[in-house]
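Here the structure comes first, spelled out in structure tokens, and everything after it is commentary.
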Ligand SMILES: NC(=O)c1ccc[n+]([C@@H]2O[C@H](COP(=O)([O-])OP(=O)(O)OC[C@H]3O[C@@H](n4cnc5c(N)ncnc54)[C@H](O)[C@@H]3O)[C@@H](O)[C@H]2O)c1
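Numbering (my numbering), first residue to last: 16 to 343.
Right, dumping it as structure tokens:
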């Protein structure tokens, strides 16, 4: 077993499965967001928690944080409706599960949760980041995540980008790219999101992979890059915030073989966790924390340089960097 600890609680209030996976505390307490979404059974939620927590270990290590990786998943049975009371019950169950780990893991927002949910979790445990600023936290992590992605995109260059998913982070990135004078193609499964970025070109979700752009920016859920999707790409680079973009590690080699540069997601998407830890644990100002987020550009540049010097990929070099930091 690669993970240090995995707890699965049947929530005392909600009856729902609450899964907390702690992958590593080698560098310090584990961090990783709380994902609440529908799964085909709690075992699928467990798989996601195991994968995502391992990626958080690499994310924190490469970002130079004194933290390890963890993840919380609440696996909703499909069709579950979370009204306000039920949602609060779920969040209090999450808080209790985290509290049972006695500080070895702290959570934050992820798909399906936001700062207000963190305040509710915070009623049961103090090991929680990104509560609203008014409640003493550092607030929504999405703008910092988007800022980190932009730092990476600047290193990659290019005049045109295709953004997959116009959620909290993707819509922000698309707007920032438009403001920077880039051509921007966007999509989302929710067509109402189209209105969020009026200056962008809209295509259907199944067309975006073939968009004729310089850089593809995955900003929806994971698993976009597969042996079936990679041959359809027309871009020269892929970099975005979506966690776990590859269906399997070997897909990085398929991208490399096609001459497409893949900037590892755990490097590119670290802005939120970097910002929150700088502000909430180290008392950094907004400006100082954002400056640290901008460092993602330098990290990526270093990986690109090493990959071209060693004849490897940025993914390989990122893995080596994480491994070396975890060994020290
Ligand atoms: N929010 C953060 O600070 C943060 C930090 C690190 C990583 N991430 C990752 O970035 C990604 C986006 O995060 P977010 O907070 O913007 O999430 P979000 O839930 O706000 O947005 C996701 C968007 O993707 C759309 N979507 C889902 N499936 C799609 C598909 N197949 N094709 C097109 N669009 C699709 C959804 O409709 C939604 O608009 C996630 O993978 C998340 O784990 C987010």
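Beta carbons: idealized from backbone N, C-alpha and C, even for Gly.
Between the Cα of residue i and the Cα atoms of the options, which residue gives the shortest distance?
{"i": "residue 262", "options": "274, 280, 276", "result": "280"}
{"i": "residue 181", "options": "243, 267, 238, 218", "result": "218"}
{"i": "residue 175", "options": "23, 249, 32", "result": "249"}
{"i": "residue 236", "options": "39, 34, 51, 33", "result": "51"}
{"i": "residue 295", "options": "327, 214, 156, 92", "result": "156"}
{"i": "residue 284", "options": "216, 299, 75", "result": "75"}
{"i": "residue 60", "options": "47, 34, 42", "result": "34"}
{"i": "residue 278", "options": "299, 312, 297", "result": "312"}
{"i": "residue 207", "options": "186, 221, 109", "result": "186"}
{"i": "residue 223", "options": "239, 268, 293, 177", "result": "177"}
{"i": "residue 70", "options": "260, 127, 154", "result": "260"}
{"i": "residue 358", "options": "68, 111, 214", "result": "Because the chain in this structure spans residues 16 to 343, residue 358 falls outside the shown range and cannot be described."}
{"i": "residue 273", "options": "282, 293, 251", "result": "251"}
{"i": "residue 22", "options": "170, 216, 57", "result": "57"}
{"i": "residue 266", "options": "293, 282, 330", "result": "330"}
{"i": "residue 183", "options": "198, 172, 158", "result": "158"}
{"i": "residue 241", "options": "162, 215, 214, 271", "result": "271"}
List the whole-angstrom C-beta distance separating residue i from residue j, where the pair is believed to meet the contact cut-off of C-beta under 8 angstroms.
{"i": "residue 230", "j": "residue 253", "result": "7 angstroms"}
{"i": "residue 124", "j": "residue 134", "result": "The pair is not a contact, with the Cβ atoms about 11 angstroms apart (cut-off 8 angstroms)."}
{"i": "residue 72", "j": "residue 113", "result": "So it is not a contact: roughly 17 angstroms between Cβ atoms."}
{"i": "residue 188", "j": "residue 232", "result": "6 angstroms"}
{"i": "residue 190", "j": "residue 212", "result": "6 angstroms"}
{"i": "residue 94", "j": "residue 37", "result": "Contact doesn't hold; Cβ gap of about 30 angstroms is too wide."}
{"i": "residue 243", "j": "residue 257", "result": "No, residue 243 and residue 257 are not in contact; Cβ-Cβ is about 17 angstroms, not under 8 angstroms."}
{"i": "residue 122", "j": "residue 143", "result": "6 angstroms"}
{"i": "residue 136", "j": "residue 106", "result": "5 angstroms"}
{"i": "residue 321", "j": "residue 328", "result": "Not confirmed; about 10 angstroms, so no contact."}
{"i": "residue 31", "j": "residue 54", "result": "Actually they are not in contact, since the Cβ atoms of residue 31 and residue 54 sit about 11 angstroms apart, beyond 8 angstroms."}
{"i": "residue 332", "j": "residue 318", "result": "5 angstroms"}
{"i": "residue 150", "j": "residue 85", "result": "Contact flag wrong, Cβ pair sits at about 22 angstroms."}
{"i": "residue 179", "j": "residue 239", "result": "6 angstroms"}
{"i": "residue 77", "j": "residue 109", "result": "About 27 angstroms; that fails the 8 angstroms criterion."}
{"i": "residue 111", "j": "residue 195", "result": "About 44 angstroms separates the two Cβ atoms, so there is no contact after all."}
Using DSSP's beta-bridge definition, name the partner residues of residue i.
{"i": "residue 277", "result": "253"}
{"i": "residue 50", "result": "88"}
{"i": "residue 231", "result": "177, 253"}
{"i": "residue 290", "result": "Residue 290 is not bridged to any residue."}
{"i": "residue 216", "result": "200"}
{"i": "residue 20", "result": "37"}
{"i": "residue 122", "result": "143"}
{"i": "residue 83", "result": "45"}
{"i": "residue 25", "result": "32"}
{"i": "residue 261", "result": "240"}
With 16 other CB atoms within 10 Å as the buried threshold, where does residue i fall?
{"i": "residue 342", "result": "exposed"}
{"i": "residue 16", "result": "exposed"}
{"i": "residue 325", "result": "exposed"}
{"i": "residue 40", "result": "buried"}
{"i": "residue 246", "result": "exposed"}
{"i": "residue 301", "result": "exposed"}
{"i": "residue 264", "result": "exposed"}
{"i": "residue 29", "result": "buried"}
{"i": "residue 227", "result": "exposed"}
{"i": "residue 221", "result": "exposed"}
{"i": "residue 204", "result": "exposed"}
{"i": "residue 255", "result": "buried"}
{"i": "residue 303", "result": "exposed"}
{"i": "residue 210", "result": "exposed"}
{"i": "residue 47", "result": "buried"}
{"i": "residue 214", "result": "exposed"}
{"i": "residue 172", "result": "exposed"}
Q. Touching or not, the region 79-90 and the region 330-337, by the rule of three or more beta carbon pairs under 8 angstroms?
A. Cβ pair count under 8 angstroms is below three, so no.
Q) Using 8 angstroms as the Cβ pair cut-off and three pairs as the minimum, do the region 273-290 and the region 303-316 touch? A) Enough Cβ pairs lie closer than 8 angstroms, so yes.
Q) Three or more beta-carbon pairs under 8 angstroms between the region 128-144 and the region 102-110, yes or no? A) Judged by Cβ distances under 8 angstroms, the region 128-144 makes contact with the region 102-110, as three or more pairs qualify.
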